[in-house]
Amino acid sequence: MTRRLLLSHLSVMLFVLLALEVPFGIFYARSELSRFSHAAQQQAMTLAEVCEDKMEHGLTADLPELARAYGQRTGSRVLVAGHQGVVLTDTAARALVGEDLSAEPDISTALRDQPSVGTRSDPSTGGEVLVVTVPGGSNATVACVVRTVYALHPLRAKVHATWLALAAVGLGLLAAVSLIGFALARSITRPVQALERATAQLAEGRITDPPATDHGPPELRRLAASFTRTATRLQHLLQAQQAFASEASHQLKTPLTALRLRLENFEPHLAPCARDSLDTALGELERLSRMVQGLLALARLENSAIRPEAVDLDAVVADRAAIWTAFADEQQVGITVSGATAVRVWTVPGALEQIIDNLLSNALRVSPPGTSITLATVVTAKEGSRTPPVAELHVIDQGPGMSEAERQRAFDRFWRTPDADHDGTGLGLPMARQLTRAGGGEVTLEAAPGGGLDAVVRLRRAESRTRRERPAPSANADRAGRRRHHTTHSSSAR
């Protein structure tokens, strides 16, 4: 921004200088040439009158000395011709005495009693000269013609010196304007940069360097003060929400646990016909516990600002597939992993595991025995292309699927399909979407080609690593999966 402000000031100043100095320089050069030409013509007419007077008194022999003295005094070359255009004297000795020059344009014009002033190139010097030719005569008869030739190099040098002076003045003004403009731009951009830093810090969750409210223009000072008040208020609200989520997670666990124990203690004293109601109540209590945990997890996720990091997608997929294989075997459902390997994606730490767990939990709930769940990794854009590189993870089941309207509402909190016969809370898919978007990706639900549902997780690709083999599921992973079943079996939207 400083550079743009400075360039705008310099552009305006340069335009003003060009608009003033260029016309002035052109006018000065033309006026100097006009003044010099007028003075040379007046002097030549004076010489012509003297030459006419000499010729009337029969002193033609004095013309060479007179022309030589005039040329030395004015720095010009002088040629004097008679009334028929015959050369009487030439200080430059370029025309012989007695040579007829009446055919030359300027001499012919002067013989008709009209002066001639003009510039032309001088072959001998290669420079430009001013030629002034005037008639000499006090009556209708032209007694003589005087031609004076002036070199224009001194005049051009004077004009060039003036142009250089104008350029130096312009550069000096531009330098002064640059310093003033830089100071002015810095006074404006420094508060803006402070606001930018504070905004970035606020996005990270906490402002450690609030913008100063006593620097810059009044408008920016008021903006900085307003931003500081707003940011302070937002931080207080976020801290209050975080404190509530932290306290609620502890405060709600105790009464829910106590309620579960009381309900379980009723079991020996209940009639057999009431045991189904007790089981239903315990199931609803379990669902309420998971719903509370899901809400608290969503609150913590929304209140946190974590930077994405590069994660090996196929390694995480293989790990989660190995853990969930044991649970899938219990339901006679297979888990298949396919697709690209050595794919790295951007995601917040730990988010990809939770996303896959939520999607696999949903898929297992609706998968009939004898079917399979496919985890497929697809790269949709090659490196080096104009399309942003994206990696897709497809979690495909062979369950009943969803209609288009149901798929559009599946990410609403607490929403479940009308015919849902399981204990889902309706928070699994919203949490998966929130985690995916935190890493700059997106998750959608699509109809699978052979029936069922295709949950597509699109993530931004990171730089690729060396290709390696996909790790095989191990017995230790199966045992670890069984131990983590109740912690990773998150709430569902179905």
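Read the sequence shown against the working numbering and you will find it ends at 1088, with the numbers running on by one and no gaps.
No residue lacks a Cβ here, since even glycine has one placed at the ideal position from N, Cα and C.
Only a predicted model underlies this, so the values are computations on that prediction, with no experimental measurement involved.
For residue i, which option in the options has the closest C-alpha, if you only look at C-alpha atoms?
i, options, result
"Tyr917", "Gln948, Ala936, Val937, Glu903", "A small fix is needed here, since residue 917 is Ile in this sequence, not Tyr. Nearest of Gln948, Ala936, Val937, Glu903 to Ile917, Cα basis: Gln948."
"Thr596", "Pro717, Leu778, Gly1045", "Leu778"
"Cys645", "Gly730, Gln708, Ala663", "Gly730"
"Ala788", "Thr802, Phe776, Phe921", "Thr802"
"Pro983", "Glu998, Val680, Trp940", "Trp940"
"Ala999", "Gly993, Ile990, Trp1009, Gly944", "Trp1009"
"Ala541", "Gly1035, Gly712, Thr968", "The requested residue 541 is not part of the displayed model; the chain covers only 595 to 1088."
"Glu924", "Ser966, Gln1028, Leu660, Val736", "Ser966"
"Leu876", "Gly676, Glu861, Ile990, Asp684", "Glu861"
"Ala661", "Gln637, Leu853, Asp707", "Gln637"
"Thr668", "Gly652, Ile782, Thr685", "Thr685"
"Gln678", "Thr735, Leu958, Leu828, Val910", "Thr735"
"Gly619", "Ala633, Lys648, Trp757", "Trp757"
"Leu673", "Gly652, Arg706, Cys867, Met639", "Met639"
"Leu641", "Phe630, Glu659, Gly652", "Glu659"
"Ser710", "Val728, Asp716, Leu695", "Val728"
"Leu958", "Gln666, Phe921, Ser772, Ala1041", "Phe921"
"Ser781", "Arg800, Thr793, Ala806", "Ala806"
"Ala675", "Arg688, Ala663, Leu695", "Leu695"
"Val1037", "Arg1001, Glu650, Val905", "Arg1001"
"Ala1032", "Val972, Glu903, Glu643", "Glu903"
"Leu773", "Ala1056, Gly964, Leu601", "Leu601"
"Thr974", "Val942, Val927, Met649, Arg1055", "Arg1055"
"Val911", "Leu857, Val972, Glu858", "Val972"
"Thr703", "Leu690, Val726, Ser715", "Val726"
At the level of alpha carbons, what is the spacing between residue i and residue j?
i, j, result
"Asn1070", "Thr919", "For Asn1070, the predicted structure reports a pLDDT of 37, less than 50, and the residue's modelled location is therefore unreliable. The matter cannot be settled from this model."
"Glu986", "Ala970", "8 Å"
"Gly692", "Leu682", "6 Å"
"Leu599", "Gly775", "8 Å"
"Leu627", "Lys752", "11 Å"
"Gln795", "Arg823", "15 Å"
"Leu817", "Asp808", "11 Å"
"Phe609", "Ala936", "58 Å"
"Ser820", "Gln833", "20 Å"
"Ile929", "Thr874", "31 Å"
"Asn956", "Thr1030", "17 Å"
"Pro785", "Arg1027", "37 Å"
"Met607", "Ala755", "23 Å"
"Arg901", "Ala797", "10 Å"
"Val931", "Thr851", "39 Å"
"His1105", "Gln845", "No answer is possible for residue 1105: the residues shown for the chain start at 595 and end at 1088."
"Lys847", "Gly1022", "20 Å"
"Arg1003", "Pro1024", "10 Å"
"Arg914", "Asp951", "7 Å"
"Ala663", "Leu614", "43 Å"
"Arg827", "Arg800", "12 Å"
"His603", "Leu612", "14 Å"
"Pro1067", "Ala909", "Only weak support exists for where Pro1067 lies, its pLDDT of 39 falling under 50; the coordinates are left without a value."
"Leu907", "Val1051", "11 Å"
"Ala650", "Pro617", "The question names Ala, yet the displayed sequence has Glu at residue 650. Roughly 49 Å separates the two Cα atoms."
"Arg938", "Ala1041", "26 Å"
"Leu657", "Ala634", "19 Å"
"Pro943", "Gln829", "23 Å"
"Ala1049", "Asp1006", "15 Å"
Do residue i and residue j have their CB atoms nearer than 8 Å?
i, j, result
"Met996", "Leu1039", "yes"
"Asp991", "Leu1047", "yes"
"Leu705", "Val740", "no"
"Ser961", "Gly993", "yes"
"Leu864", "Leu872", "yes"
"Pro963", "Val905", "no"
"Ser670", "Thr742", "yes"
Name the DSSP beta bridge partners of residue i, please?
i, result
"Thr935", "Bridge partners of Thr935: none, in fact."
"Glu693", "Partner(s): none; Glu693 has no beta bridge."
"Arg714", "Val723"
"Gly810", "Its beta-bridge partners do not exist; DSSP assigns none."
"Leu987", "Thr971, Val1051"
"Pro552", "With the chain covering only 595 through 1088, there is no way to say anything about residue 552."
"Val680", "Asp694"
"Val1037", "Val1051"
"Trp940", "Ala904"
"Thr745", "Note that residue 745 is Ala in the sequence shown here, rather than Thr. Its beta-bridge partners are Val723."
"Gly928", "Ser966"
"Val674", "Thr683, Val740"
Please indicate yes or no: does the CB of residue i lie closer than 7 Å to some heavy atom of the ligand SAH?
i, result
"Phe621", "No copy of the ligand SAH appears in this structure; indeed no ligand is present at all."
Is the CB of residue i under 8 Å away from at least one CB in chain B?
i, result
"Leu600", "Here chain B cannot be found, since the structure has a single protein chain."
Q. Should the segment 705 to 722 be called in touch with the segment 741 to 752, which here means at least 3 C-beta pairs below 8 Å?
A. yes
**Q.** Segment contact flag, the segment 621 to 638 with the segment 805 to 814, C-beta cutoff 8 Å, min 3 pairs
**A.** no
(Q) For the segment 754 to 767 against the segment 697 to 712, do three or more pairs of beta-carbon atoms, one drawn from each stretch, fall closer than 8 Å, so that the two count as touching? (A) no
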